[in-house]
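Just so you know, the sequence shown maps onto residues 55 to 223 in this note's numbering.
Think of the CB as a built atom: it goes at the ideal place given N, C-alpha and C, for glycine as much as any other residue.
Beneath this line is the structure, given in structure tokens, with notes to follow.
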Amino acid sequence: MSDREKIENYIINGIEENTHLDYKGAGSLGKNDSKKKEISKDVSAFANSDGGTIIYGVLEYDQKEKSHLPEKIDPVNRIEFTKEWLEQVINSNISPKVPNVIITPVDIDSNKNHVVYVVEIPKGNTAHQAKDKRYYKRYNFESVAMEDWEVKDIINRVRTTDPFLYFQT
55 MSDREKIENY
65 IINGIEENTH
75 LDYKGAGSLG
85 KNDSKKKEIS
95 KDVSAFANSD
105 GGTIIYGVLE
115 YDQKEKSHLP
125 EKIDPVNRIE
135 FTKEWLEQVI
145 NSNISPKVPN
155 VIITPVDIDS
165 NKNHVVYVVE
175 IPKGNTAHQA
185 KDKRYYKRYN
195 FESVAMEDWE
205 VKDIINRVRT
215 TDPFLYFQT
């Protein structure tokens with residue numbers, strides 16, 4: 055199954071947003087500071103949580119009862135918003151940089167100027183700060199600011215070890 059077919063299946067089957075999946079219309083990408091801040095907020099929230107996927111180029115329904123369901127493809131103009139541009143926005147607006155983010159452009163039309171960007175974000179090894187100097191996490195369907203203790207907990211992810219007991223007879 056191609057990436058385009060997977061995205062179309064998300065829409066057909068009504069796969070709802072969750073803590074690991076977020077849909078964003080093409081209008082979520084923009085070259086102004088407020089759009090870049092929103093991108094950094096969303097990507098850092100996934101890295102600070104358990105990782106996940108943002109799909110830029112899929113609109114959600116406007117009705118409240120369907121607000122977290124994908125309605126249709128809303129393609130991104132890849133000439134105006136290139137994969138490299140999106141990667142640069144992510145890398146330059148999150149501190150520290152989130153390693154191993156994968157951006158996959160999925161062609162939507164035959165001339166290949168319209169795409170959907172599938173952004174796969176791994177779980178971070180430390181807390182990642184968005185451009186607005188705040189730390190975010192995924193909570194249900196949104197990115198929300200973290201409490202101080204949550205930030206400290208994430209920073210200590212790498213420093214703490216999982217206890218392991220070994221018994222020998």
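What first and last residue would you give for the alpha helix (DSSP H) that runs through residue i?
| i | result |
| --- | --- |
| Y64 | D57 to I66 |
| K90 | D87 to N102 |
| K177 | Where K177 is concerned, there is no enclosing alpha helix (DSSP H), given that its DSSP letter is neither H nor E. |
Would you tell me roughly how many angstroms separate the C-alpha atoms of residue i and residue j, rounded to the nearest one?
| i | j | result |
| --- | --- | --- |
| Q142 | L123 | 29 Å |
| E71 | K187 | 26 Å |
| N179 | V112 | 29 Å |
| A101 | I157 | 14 Å |
| G68 | E114 | 10 Å |
| S121 | G106 | 19 Å |
| N86 | S56 | 33 Å |
| N154 | I65 | 27 Å |
| K90 | R211 | 27 Å |
| Q222 | N63 | 51 Å |
| T73 | D116 | 20 Å |
| K118 | F135 | 29 Å |
Provide the residue(s) that pair with residue i in DSSP beta bridges, ordered along the chain.
| i | result |
| --- | --- |
| Q183 | S149 and Y189 |
| L75 | N72 and T107 |
| N131 | H168 |
| K126 | L113 |
Can you round the beta-carbon distance between residue i and residue j to whole angstroms, since I take them to be within the 8 Å contact cut?
| i | j | result |
| --- | --- | --- |
| V172 | V97 | Not quite, the Cβ-Cβ distance comes to about 13 Å (not below 8 Å), so this is no contact. |
| S44 | R192 | Since the first residue of the chain shown is 55 and the last is 223, residue 44 is not available in this structure. |
| V205 | Y189 | 5 Å |
| Q183 | I148 | 7 Å |
| V170 | I133 | 15 Å between Cβ atoms; not a contact. |
What is the residue span of the beta strand (DSSP E) that residue i lies within?
| i | result |
| --- | --- |
| S197 | E196 to A199 |
| D161 | I156 to D161 |
| K118 | Unbroken run through K118: none, as it is neither H nor E. |
| L113 | V112 to E114 |
Inter-stretch contact (C-beta, 8 Å, three-pair minimum) for the stretch 78-86 and the stretch 186-203: no
Sufficient close CB pairs (3 or more, under 8 Å) joining the stretch 125-142 to the stretch 161-173: yes
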